[in-house]
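Following: one structure in structure tokens, then a few remarks.
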Amino acid sequence: MTRRLAAVLIIAGVTASTVMAQGTAAPPPSDFDDSHFHLTNYIQEGIDVRELLNMMGTRVGRSTLFGIPLQQTWSYENSGSFAPTYYLQSDAPLYYYSFTDAYIAMTYRSLAPVDRARFDPMITGFNPADMYAADHIKRVLRTFPGVFTGIGEFSIHKEFVSSKIAGEVASLTNPALDRILDLAGESGLVVLIHNDVDMPFARTGTEPVYLTQMKDLLRRHANATIIWAHMGLGRVVHPTQSSASAPATERNPNFAMIVEGMLRDSTLRHVYFDISWDEVAKYILATPEITRRSADLINRYPDRFLFGSDVVAPRDTTQYYAVFDMYRPLWALLSADASTKVRKGNYERLFDAGRRRVRAWERAQGWSTGQ
Ligand SMILES: [Zn+2]
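Next up, the structure:
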């Protein structure tokens with residue numbers, strides 16, 4: 027098989043072995059590409075990438091590949107012999123674990139080229155409150171040229187997490203974050219940013235606390251391709267409700283109206299939304315009416331949403347596919363065009379462009395590996 031044919035088949039979500047096993051029979055089309063996937067967890071443990079490939083099978087065409095930039099400290103003073111594996115299981119702080127980037131790069135490089143083509147590795151191991159963060163990202167690209175497509179998922183405001191991180195708290199107004207996004211705009215790195223739009227349990231009828239700061243940040247970086255993870259929602263960061271005493275209007279918007287306002291805004295054309303995480307699916311699927319309104323919004327702006335699982339180191343296919351399968355009621359309400367774009371087309375457009383731009387930028391720095 028030629029390299030080019032292999033690459034085409036990979037983009038179509040087919041591995042070489044599938045083709046050989048099936049002869050000339052048309053392979054089943056993949057269900058989705060995963061724009062939000064964690065290979066490792068909050069203690070930097072996870073599954074082997076080959077196990078992931080097995081689970082992807084022919085159902086998943088391509089996937090982002092990243093760990094988690096934060097490590098939960100196992101503080102003996104705090105939890106004794108109990109070893110926490112999640113940030114809610116300990117009062118001890120989280121800290122930035124930069125080795126994750128080397129781990130992800132080496133994992134990717136351990137794969138055959140035909141399998142590498144299915145992954146878009148992402149850099150995450152930087153502290154977004156550190157003016158040196160952009161230098162870390164450059165150092166990772168220089169050390170592992172030909173590997174990374176983007177940065178993220180990294181977090182600025184995140185319920186329960188931000189306040190647990192040792193050192194200075196990250197902020198949307200910190201110039202350190204501007205330096206990171208300047209580099210992304212210059213190099214083509216696709217950005218996957220987690221930033222809660224609001225405080226947990228926010229009051230109804232008020233603008234989400236971080237909305238204006240987030241829009242300002244996004245507008246300062248119109249050259250970057252930026253995906254806002256989870257549309258800014260969280261486990262207890264609910265979609266904004268319009269004030270209950272008055273109907274939803276532009277001056278008293280509900281969450282869908284806020285998102286639509288951003289989609290219509292010509293200064294935010296470089297911004298995309300991922301609907302990853304079962305905690306987000308629970309909002310979209312809360313009632314048939316909300317699911318229908320969400321589908322209507324996606325059908326009107328089909329180029330601007332991406333599916334991602336946000337699954338962390340899944341043990342089996344049931345866990346791996348749970349979020350995609352939860353969304354069946356939503357898939358059923360999307361137009362054929364919107365469904366294909368959200369599940370696959372937008373991923374391929376954005377991440378293919380990211381790959382091309384970052385490889386060209388690396389070559390311009392003299393870091394080419396000849397790939
Ligand atoms: Zn995530």
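Start counting the sequence shown at 27; every next residue gets the next number (my numbering). All C-beta atoms, glycine included, are put in the ideal place defined by N, C-alpha and C.
Unbroken beta strand (DSSP E) run spanning residue i, endpoints
i, result
"L79", "Here L79 belongs to no beta strand (DSSP E); instead the alpha helix (DSSP H) covers 75-82."
"Y122", "120-122"
"H220", "216-220"
"V166", "V166 -> not in any beta strand (DSSP E); alpha helix (DSSP H) instead, spanning 159-169."
"I253", "252-254"
"P147", "145-149"
"L96", "96-98"
"T90", "86-91"
"Y112", "Per DSSP, Y112 belongs to no beta strand (DSSP E) and is neither H nor E."
"V297", "297-300"
Contacting residues, own chain, Cβ-Cβ under 6 angstroms from residue i (five flanking each side not counted)
i, result
"N67", "V338, A339"
"I37", "Unreliable placement is indicated for I37, whose pLDDT of 47 sits below 50; the coordinate value is still reported in the next sentence. Taken in chain order, the list of residues that qualify is empty."
"I149", "D127, I163, V166, F174, I177"
"D146", "T90, T175, F377"
"V40", "Any reading at V40 needs caution, since the residue's pLDDT is 47, under 50, leaving its predicted position unreliable; the model's value is listed next. These residues qualify, in order along the chain: P53."
"A248", "H296"
"A192", "P119, Y121"
"R385", "none"
"A250", "L207, A210, G211, V217"
"V263", "E185, D222, D224, P226"
"A379", "none"
"D336", "H62, S302, W303"
"G287", "none"
"M81", "T343, Y346"
Rounded Cβ spacing between residue i and residue j (contact assumed at less than 8 angstroms)
i, j, result
"M157", "A128", "About 22 angstroms; that fails the 8 angstroms criterion."
"G176", "L237", "That pair is no contact at about 24 angstroms."
"G87", "S56", "4 angstroms"
"A321", "L360", "6 angstroms"
"L332", "V368", "6 angstroms"
"I182", "P154", "6 angstroms"
"W254", "F180", "With 8 angstroms as the limit, W254 and F180 do not qualify as a contact, their Cβ atoms being about 12 angstroms apart."
"D141", "L79", "6 angstroms"
"L259", "V223", "7 angstroms"
"D291", "P328", "About 17 angstroms separates the two Cβ atoms, so there is no contact after all."
"L294", "R245", "7 angstroms"
"M257", "V285", "6 angstroms"
"G83", "T395", "With a Cβ gap of about 29 angstroms, G83 and T395 do not count as contacting."
"S213", "R383", "7 angstroms"
"A274", "R205", "Contact doesn't hold; Cβ gap of about 38 angstroms is too wide."
"T313", "P355", "Rounded, the Cβ-Cβ distance is 11 angstroms, inconsistent with contact."
Own chain, CB closer than 8 angstroms to residue i, minus 5 neighbours either side, in chain order
i, result
"Q48", "With a pLDDT of 49 at Q48, under the threshold of 50, the predicted position of this residue should be treated as unreliable, and no value is reported."
"S189", "V195"
"Y353", "I301, A307, I310, L311, F333"
"M46", "Residue confidence is low: M46 scores 46 on pLDDT, short of 50, so the model does not pin down where it sits. No coordinate-derived value is stated."
"R319", "A282"
"W357", "S365, R369"
Span of the alpha helix (DSSP H) around residue i
i, result
"L209", "201-213"
"M283", "281-290"
"I177", "No alpha helix (DSSP H) holds I177; the beta strand (DSSP E) holding it covers 176-181."
"F377", "372-390"
"D127", "125-135"
"D60", "Premise fails: D60 lies in the beta strand (DSSP E), 58-60, not in any alpha helix (DSSP H)."
"A364", "362-366"
"N325", "314-326"
"S105", "102-105"
"D141", "139-142"
"E305", "304-310"
"Y347", "343-352"
"M240", "237-246"
Residues near residue i in its chain [Cβ-Cβ closer than 7 angstroms; skip 5 each side]
i, result
"P110", "Q98, W100, S116"
"Y373", "D59, S61, R88, L332"
"Q267", "T230, N280"
Proximity test, residue i beta-carbon vs ligand 3 heavy atom, cut-off 7 angstroms
i, result
"F333", "Among the ligands present in this structure, namely ligand 1, ligand 3 is not found."
Minimum Cβ-Cβ distance from residue i to chain C less than 8 angstroms
i, result
"K164", "Of the protein chains in this structure there is only one, and it is not chain C."
Q.
Using only Cβ atoms and a threshold of 7 angstroms, which residues come within that distance of a heavy atom of ligand 1? Order them by chain position.
A. The filter returns H62, H64, E179, H220, A255, S302, W303, D336, in chain order.
Touch check for the region 94-108 and the region 129-142: three-plus C-beta pairs under 8 angstroms?
The region 94-108 is not in contact with the region 129-142.
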